[in-house]
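Chains as they are written, first to last, in UniProt numbering: chain A, 1 to 434; chain B, 1 to 387. Note that the Cβ used here is the ideal one computed from N, Cα and C, for glycine as well. Written out below as C-alpha cells is the structure these notes cover.
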C-alpha cells in the first residue's frame with residue numbers, strides 16, 4: 001500500500017515542499033545527504049507571524065483573493081522563473097495570460113467586458129501577493145490594468161466593447177504613454193502633437209520610458225490637441241501596426257528587466273478620431289486620475305517585494321551561524337529586523353488607507369496616494385537594502401534573489417511621479433491657503 | 001440504474017402494505033402527469049423523477065422508500081422510463097480544512113496535539129484533487145450536480161467556499177467543535193457522509209485518500225462499507241464507462257498500476273497524480289458567495305461523534321543528523337553499499353497492531369529510539385501508539 005504522503009505536482013514548486021519530499025525520500029534511500037543551495041535557503045522558517053502577514057485585517061473575501069494570488073505567485077512567479085526572466089530579459093506574456101485567466105488582467109474593469117470589477121483595496125491585496133513573486137512582472141500587470149481602467153472609465157461603450165474583452169484576457173497588452181524625453185516631472189509640458197484632420201488625428205512626437213513598448217498592442221497616448229497647459233491635452237488610443245508608429249531599441253536597465261522599456265515615436269501617425277478616449281482637452285485630468293491609482297499600485301508592488309525580502313531575511317538570520325550562534329541572536333540584528341518588518345507593516349497600512357480613500361472618492365485621496373507612494377517606495381528600498389546587508393556576501397549573489405528585488409524596487413522611487421514630486425503634491429496640499 | 005439507492009435491504013418489515021400501495025399510487029400518478037404532457041421531454045422527466053424520489057424520501061424513511069422501489073414490480077416497470085441519458089447524477093465530495101501543507105507544525109505546550117491557533121489553514125490537498133475530479137466529471141457531462149460536504153468548525157465554511165469557487169454547486173457544512181486532526185474520527189465522518197449520501201441521493205462519492213493532518217486514510221473505505229457500495233481507493237485515473245454506469249479506475253500500488261471497473265454507485269478516494277487542481281478564478285470566487293450552503297450538525301444527522309480513541313501525548317520527531325559531502329560518484333556508491341542504512345517503515349508496526357494495552361494508529365519509522373520504545377511497550381509520540 002502506498003503509505004508515503006504525496007503532494008500534487010503543483011505544490012512541488014514550493015521550496016519547502018521540495019525539501020519535504022526530498023526529506024521523505026532520504027528516509028527510503030541511503031542516508032547520504034548532498035546539501036544544495038535550495039536546502040540552505042529553507043523557506044519553512046520564512047513564515048512571519050500574523051502581525052506581519054499581508055492578510056491581517058482583511059475580510060474573508062479579500063483573504064481569498066490574497067490566497068489565490070499568493071498561490072499563483074508561488075507556483076508561477078517562482079524565484080527560478082523570476083530570476084530567468086530577469087537575467088534573460090524575457091517578457092513572460094504566457095504567464096501573464098495565465099494570470100489573466102484567473103481575473104488578474106483587468107482588475108479594475110467592470111465585469112460586463114470581462115473585468116474583475118474590483119476596488120483599489122482589493123487590487124492592492126492581489127498585486128502585493130504577485131509582486132512578492134516577481135515585482136517587475138507584477139508591476140507591468142498593474143500598468144496594464146491602469147490602461148484598462150482608463151478605457152473602462154472614460155471610453156465610449158463601443159471602445160470598451162472593442163478592446164476591453166481582449167485586454168482582460170491579456171491577449172491585447174497595453175502601455176501608458178505620458179512621459180516624453182523632455183517632459184518628465186513637468187508632465188504638463190508634453191509636446192507630442194495630435195492634429196485633427198477630418199475624421200482622424202495625426203500624431204507627431206515621441207514618448208520615453210514606455211513599459212511594454214514594442215510588444216504592447218494598445219497605447220494610450222497623452223498628446224496635445226490644443227493650447228499650452230493641462231487643458232490642451234487629450235488621450236488617444238493608438239494600435240500597434242498603425243503606420244507612423246515606431247519603437248526605439250529596448251533600453252538597458254538596472255531592474256524591471258522582465259518587461260521591455262523603449263521610446264515610442266509617432267511620425268505622421270494617423271488614427272481614426274473615434275480613438276479619442278473621453279473628451280478632447282480632458283486627457284490630463286484622466287492621466288492624473290490614473291496616476292492616483294498607479295501610485296497605489298507601485299507602492300503596493302514595493303510592499304510586496306519588501307515582504308518577500310523580510311521573509312527571506314527571517315529564514316536567513318535564524319539559520320546562518322557565526323561566532324557559534326545564529327546571527328539572529330545578536331541584538332543589533334534583532335533590532336534591525338524588527339525595524340524592517342515594522343516599516344513594511346507601516347507602509348502597507350498607508351497604501352491600504354490610500355486605496356480606501358480612493359475607493360471612497362475622498363477629496364484627500366490624491367495626497368494620501370502621494371504619501372503612500374513616497375513612504376512605501378522609500379521604505380521598501382531601505383528595507384530590501386538592509387535585507388541584502390543581513391545576507392552579507394550571499395545577498396550580493398543572484399542565487400539569493402534579494403538583489404533582484406533591490407534592483408526592481410529602485411525605479412519605484414522614480415516613476416509614477418518621482419518621490420520629490422510626491423512631496424510637492426503633499427506640501428502644496430498642506431500649505432494650501434483657504 | 002435505480003434512482004433510490006441503498007444496499008441495506010433489511011427494511012422489509014417496515015411499513016404496511018397499505019402504506020406501500022399509497023406511495024405506489026402517488027408514483028404512478030406523477031408519471032401519468034409526465035406522460036400526458038406533450039412538452040414533457042427529457043428535462044421534465046428528470047425533474048419529475050427527482051420530485052418522486054424526493055417525495056418518497058421526505059415522506060417515508062429512505063430505506064422504506066428504497067425497498068418499495070426495489071421490490072414492487074409496478075415501480076420497477078418505471079425504471080427504464082426514468083433512467084434516461086440525462087438522469088441526475090449527483091456527486092458528493094468531502095472537503096476538509098487542515099493546517100496548510102506549507103506550514104511547519106509545532107507541538108502545543110500541553111503536548112496533547114499540534115498548535116492549531118494562528119496557523120494558516122487551507123483545503124486538504126487530496127480533497128482539492130477530489131473536488132477537481134468531480135468538476136471535471138461534471139464538465140464531461142457525467143455528473144449533473146456536485147455537492148461538497150465539510151465537517152468541522154465554523155471556519156470550515158471558508159474551505160467550502162473555496163470548493164464552491166472551484167466549481168462545486170452547493171455546500172453542506174456539518175458543524176462540530178471537535179479538533180479535526182484528532183477528535184473528529186474517520187468512523188464518525190463516514191457515518192455522517194453515509195447519512196448525507198442517503199439524503200442527497202448521491203450516485204458517486206469522491207474523497208481525498210487521506211487528510212494531511214490525521215493521515216488515517218480510513219474515511220473512504222469505511223463509507224463504502226457503511227453504504228455497501230463498491231470502492232476504488234487511491235485513484236490515479238478515472239474514466240466513465242458502460243454508458244456512465246460504471247467507472248474505470250486506475251490505482252497506483254506499490255507493485256504497479258491496477259485498473260478496476262467499479263459499478264455505480266461507488267466511493268472513490270483520490271491519489272496525488274489523479275489531476276492538478278485548478279485555481280479558483282476571481283469571478284468564480286464572487287459567484288461562490290451566492291451559491292447555497294446548508295448548515296447541519298452531527299445531532300441533526302443523528303450521528304454520535306464521540307471520539308473512540310484519545311491522544312495521550314504528541315512529541316516532535318528527533319532531529320536529523322547532518323549529512324556528508326561526497327567527492328565523487330564512486331565514493332557515493334561506496335557509501336551506499338557499505339554505510340547507508342535503510343530507514344524505511346517498521347513493518348512490524350502497522351495501524352491496528354496491538355502493543356500491550358496500546359494500539360498503533362500510524363506508521364512508525366525504524367530507529368534506535370523507537371525500537372527501544374517498542375521493546376518496552378510504552379506509548380510514544382505523533383502517529384504512534386495510543387490507548
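query: Inter-residue Cα distance where the pair is residue 147 of chain B and residue 293 of chain B; result: 10 Å
query: Contact under 8 Å by Cβ, residue 205 of chain A with residue 216 of chain A; result: no
query: Cβ-based burial, residue 432 of chain A [other Cβ within 10 Å; buried from 16]; result: exposed
query: Residue 253 of chain A versus residue 408 of chain A - alpha carbon distance; result: 10 Å
query: Neighbourhood of residue 403 of chain A by C-beta, 8 Å cutoff - its chain only, sequence neighbours within 5 removed; result: 388, 395, 396 and 397
query: For residue 207 of chain B and residue 130 of chain B, believed in contact at Cβ under 8 Å, the rounded distance; result: 6 Å
query: Start-to-end residues for the beta strand (DSSP E) that takes in residue 265 of chain A; result: 261–272
query: Assumed close pair residue 380 of chain A, residue 302 of chain A - CB separation to whole angstroms, cut-off 8 Å; result: 4 Å
query: Span separating the alpha-carbon of residue 300 of chain A from that of residue 351 of chain A; result: 7 Å
query: Own chain residues within Cβ distance below 7 Å of residue 127 of chain B, not counting five before or after; result: 94, 95, 96 and 208
query: For residue 266 of chain B, the residue or residues it bridges with in DSSP; result: B:204
query: Residues that residue 60 of chain A contacts on chain B, provided the C-beta gap is smaller than 7 Å; result: 158
query: CA-to-CA distance, residue 220 of chain B to residue 154 of chain B, given in whole angstroms; result: 23 Å
query: Interfacial residues, the segment 106–122 of chain B to chain A, with Cβ spacing under 7 Å; result: 118
query: From B:233, B:276 and B:282, residue whose alpha carbon lies closest to that of residue 266 of chain B; result: B:233
query: Short CB-CB distance (under 8 Å) between residue 220 of chain B and chain A; result: no
query: Interface residues of chain B facing residue 324 of chain A [CB-CB closer than 8 Å]; result: Here the premise fails: no neighbours, minimum Cβ distance about 16 Å.
query: Interface residues of chain C facing residue 146 of chain B [CB-CB closer than 8 Å]; result: Judged by its chain identifiers, the structure shown contains no chain C, and its protein chains are A and B.
query: Any C-beta of chain B under 8 Å from that of residue 116 of chain A; result: yes
query: Residue 382 of chain A (DSSP reduced to helix, strand or coil); result: helix
query: Counted within 10 angstroms of its Cβ, other Cβ atoms place residue 325 of chain B as buried (16 or more) or exposed; result: exposed
query: Close Cβ partners of residue 36 of chain B (< 7 Å) along its chain, the five nearest in sequence each way excluded; result: Interpretation of residue 36 of chain B is limited by its pLDDT of 35, a score under 50 that renders its predicted location unreliable; no figure is taken from the coordinates.
query: Rounded separation between residue 90 of chain A and residue 136 of chain A - CA only; result: 11 Å
query: Residue closest to residue 88 of chain B, alpha-carbon to alpha-carbon, out of B:143, B:178, B:300 and B:222; result: B:143
query: Check whether residue 174 of chain B and residue 197 of chain B have beta carbons under 8 Å apart; result: no
query: Distance, residue 390 of chain A Cα to residue 319 of chain A Cα; result: 12 Å
query: Element boundaries [beta strand (DSSP E), containing residue 233 of chain B]; result: 231–241
query: Listed by chain order, chain A residues near residue 283 of chain B by CB distance under 8 Å; result: 103, 111 and 116
query: Residue 429 of chain A versus residue 423 of chain A - alpha carbon distance; result: 10 Å
query: Per-residue DSSP class, three states only, for residue 107 of chain A; result: coil
query: DSSP-derived helix/strand/coil call for residue 134 of chain A; result: coil
query: Beta-bridge partners of residue 253 of chain B, as assigned by DSSP; result: B:256
query: Straight-line gap, residue 233 of chain A to residue 175 of chain A (C-alpha atoms, nearest Å); result: 18 Å
query: Simplified DSSP assignment, three categories, for residue 227 of chain A; result: coil
query: Residue of B:101, B:115 and B:100 minimising C-alpha distance to residue 107 of chain B; result: B:115
query: Segments of 4+ residues assigned as alpha helix (DSSP H) that fall wholly inside the segment 138–165 of chain A; result: none
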